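**Student:**
In our numbering, the protein residues as written are 16 to 201.
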């Protein structure tokens, strides 16, 4: 186990348990991810496009246990998964100090500080328990709430992918690339 469970309070005083995912979580996590992917306006999946099988989900969870610079943290409320954050560390030797961050949560739990709670836990783990020096994420330019959160945590914009996400035949948005250093000495 890389991450020890912690209890936090959301803005509305809801008790949130953060813990590392195990393969036993695969079924519930698969359902939750499918739900938040389909209800999000910023995750670039179309309806019914998220199609991981239970076996795929188990392999995905286990991949975080196999790579020392990777982590999958779950957020649970009343023992039910409501969100997660991933740090997907690079396996290549010259890039092992980097990881890509992914965040998702059920719509009913947004706006309660859960994103900040998950990010602070992941960043803290990256600083204290791994060789990670740099975290990178991608955010839709229209996701103003997410961008504000990421900037408040120390992420800075380093680039853009113009017209990267196509929502219709005439509507595109940029993807913003943001990064932060987890070790202030680097």
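All residues carry an ideal CB built from backbone N, CA and C; glycine is no exception. This one's a predicted model, so the numbers in the text were calculated from it and none came from an experiment.
Keeping to the same chain, check which residues put their C-beta closer than 6 Å to that of residue 122; ignore five residues upstream and five downstream.
**Tutor:** Counting from one through the chain shown, the residue named residue 122 turns up at place 107. Result list for residue 122: 54, in chain order.
**Student:** Between which two residues does the alpha helix (DSSP H) holding residue 34 run?
**Tutor:** Here residue 34 is taken as the residue at index 19 of the chain shown, counted from 1. It is not in any alpha helix (DSSP H) - residue 34 instead sits in the beta strand (DSSP E) that spans 30–35.
**Student:** Using the Cα positions of residue 93 and residue 101, report the straight-line distance between them to the nearest angstrom.
**Tutor:** In the chain shown, residue 93 corresponds to position 78, counting from 1. In the chain shown, residue 101 corresponds to position 86, counting from 1. Using only the alpha carbons, I get a separation of about 21 Å.
**Student:** Whole angstroms are fine: how far does the CA of residue 17 sit from the CA of residue 36?
**Tutor:** Position 21 of the chain shown holds residue 36. Position 2 of the chain shown holds residue 17. Whole-angstrom Cα-Cα distance: 10 Å.
**Student:** Between the stretch 125–139 and the stretch 173–180, are three or more C-beta pairs nearer than 8 Å?
**Tutor:** No: the two stretches stay apart, fewer than three of their Cβ pairs being nearer than 8 Å.
**Student:** State yes or no: is the C-beta of residue 198 within less than 8 Å of the C-beta of residue 190?
**Tutor:** Taking the chain shown and counting its residues from 1, one reaches residue 198 at position 183. Taking the chain shown and counting its residues from 1, one reaches residue 190 at position 175. Cβ distance not < 8 Å, so residue 198 and residue 190 don't count as in contact.
**Student:** Could you have a look at residue 143 and say whether DSSP puts it in helix, strand or coil?
**Tutor:** On the chain shown, position 128 is the one that residue 143 refers to. It is helical.
**Student:** What are the start and end residues of the beta strand (DSSP E) that includes residue 153?
**Tutor:** The count along the chain shown starts at 1 and reaches residue 153 at position 138. Its beta strand (DSSP E) spans residues 149–155.
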